[in-house]
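For the record, in the sequence shown the residue sitting at position 103 is 103 according to full-length UniProt numbering, with numbers rising by one throughout. From the three backbone atoms N, C-alpha and C, an ideal C-beta is built for every residue, glycine too. Below is one structure, written out as structure tokens; comments come after it.
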Amino acid sequence: MAEGDRFVASIGPLYNVTLVVVGVSFTAVAWHNGLEIILTTLVTFTKYGTYFYSLIVAALGILCFQSAVFCMIFAPGSNGYGVIAAVDVGWICMVTGQSMVLWSRLHLICHSHWKLRGILVMIVTNAIVFHGSQTVCSLLAVQNQAINPEYLPFIYAEKISLCFFFAQEVTISGLYIWETAKHLRLASTVRTGSKYRRMRNLLLANVAILALDICLISLEFASLWGVWCTFKGFAYSSKLKIEFAILNRLRDIFTQGMRTSHAGTDGTYRSPSSKDQSRASHPDAAREYDRVALTRLGTQTECDQASVRDSNFTDVGNSEGIVKTVNYTVSHQDPGRGEKLEQRSICERPPSPSSSEMRFASKGV
Numbered sequence: 001m002a003e004g005d006r007f008v009a010s011i012g013p014l015y016n017v018t019l020v021v022v023g024v025s026f027t028a029v030a031w032h033n034g035l036e037i038i039l040t041t042l043v044t045f046t047k048y049g050t051y052f053y054s055l056i057v058a059a060l061g062i063l064c065f066q067s068a069v070f071c072m073i074f075a076p077g078s079n080g081y082g083v084i085a086a087v088d089v090g091w092i093c094m095v096t097g098q099s100m101v102l103w104s105r106l107h108l109i110c111h112s113h114w115k116l117r118g119i120l121v122m123i124v125t126n127a128i129v130f131h132g133s134q135t136v137c138s139l140l141a142v143q144n145q146a147i148n149p150e151y152l153p154f155i156y157a158e159k160i161s162l163c164f165f166f167a168q169e170v171t172i173s174g175l176y177i178w179e180t181a182k183h184l185r186l187a188s189t190v191r192t193g194s195k196y197r198r199m200r201n202l203l204l205a206n207v208a209i210l211a212l213d214i215c216l217i218s219l220e221f222a223s224l225w226g227v228w229c230t231f232k233g234f235a236y237s238s239k240l241k242i243e244f245a246i247l248n249r250l251r252d253i254f255t256q257g258m259r260t261s262h263a264g265t266d267g268t269y270r271s272p273s274s275k276d277q278s279r280a281s282h283p284d285a286a287r288e289y290d291r292v293a294l295t296r297l298g299t300q301t302e303c304d305q306a307s308v309r310d311s312n313f314t315d316v317g318n319s320e321g322i323v324k325t326v327n328y329t330v331s332h333q334d335p336g337r338g339e340k341l342e343q344r345s346i347c348e349r350p351p352s353p354s355s356s357e358m359r360f361a362s363k364g365v
């Protein structure tokens, strides 16, 4: 309904053309972000877990909520109960889905089971209590196929639920910031530059999310209904897009860490050498040589002869058994002297003509 240049929405007025343009812009950005997240998630993900489904639900909630709000503002003749029901469904999926997105990646930096369980219980409890009450009050506020923004139960339910959801997201983001700060201190100590930058980006992303939440709750208490409703979808779509980018990088940090078998003394990771790969391909022999080396350490300072005849390797190619030898170097520090590491080597035994020598530690074969 229009009166001159005044657009009267069923949830509140947009008083001038500027507010209309702002509302349409927020709606367009929210639709774009929601569709982009859905398409990117469906194309790039190969495993479907809590993170995947939470992203899809949250993005669909953004599209549903923003479309319903658009109809409320620019198509006030639409069925009031149907539009409000769509708004409520979109709001539930958008808010709780986004909290589940954050929770599903929280275990990567927070290893406390009681914290993870507590966050999950908080999300589920808030969803049941506040989404339920808010939905009932919003449906009761519908009058003449439009919602009455001055209906007191609706006003109280809206403000209280938004405050609790704000506290919920502050708690989750605060936990991310706290755990990230601890990882940043560790990363700065060992000077892992790439990890430090990514953890810093995670910290800044959570600060940006908190800033959007503050803007959202400020508009709520300022009672700018038309702008506030369109800003909701924009804010949550922007937060979800930030989380999608940062949490994927967070996953890459720990995935790369798991794929790397050794770390240098400067904190930077290196790929396994040929010696490491040889030891990995013969784990039983490597463990036996480790045992022999550690047993002899501290009692001998010269080269020791160590060879092991292991029947487990008879299937290598010699049914009569194969003698394996290795040149294994162990670094040992005398705690009583504080001297530099001294190298003690267990030298290999000269192979017999009938044996098949495998220099998998020294040659990498």
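Check: residue i C-beta below 8 Å from any heavy atom of the ligand ADP
i	result
Cys93	Of the ligands one can find in the structure shown there are none, so the ligand ADP has no counterpart to examine.
As assigned by DSSP and simplified to three states, the class of residue i
i	result
Gln143	strand
His107	coil
Asn201	helix
Ser218	helix
Tyr151	coil
Asn206	helix
Leu294	Annotation note: pLDDT 48 at Leu294 (below 50); position unreliable, no value reported.
Gly77	coil
residue 389	Coverage of the chain is limited to positions 1 through 365, which leaves residue 389 absent and any answer about it impossible.
Lys47	coil
Asn312	Because the pLDDT at Asn312 is just 40, under 50, the model does not fix this residue reliably, and the value given afterwards should be weighed accordingly. Three-state DSSP puts Asn312 in a helix.
Limits of the unbroken alpha helix (DSSP H) element including residue i
i	result
Glu36	17-44
Glu113	The displayed chain sequence assigns His, not Glu, to residue 113. Note, His113: alpha helix (DSSP H), 113-126.
Gly61	50-74
C-beta atoms of residue i and residue j nearer than 9 Å
i	j	result
Ser218	Gln66	no
Ile172	Ile119	yes
Ala167	Pro153	no
Ser161	Ile147	no
Cys229	Ile109	no
Met134	Trp91	The amino acid occupying residue 134 in the given sequence is Gln; Met does not appear at that position. Their beta carbons are under 9 Å apart, which means Gln134 touches Trp91 by this criterion.
Ile56	Thr41	yes
Arg105	Leu247	yes
Thr180	Leu216	no
Ile209	Ile242	yes
Val101	Tyr51	yes
Glu169	Gln98	yes
Phe26	Phe231	yes
Tyr196	Leu184	yes
Arg198	Leu240	no
Gln145	Gly77	yes
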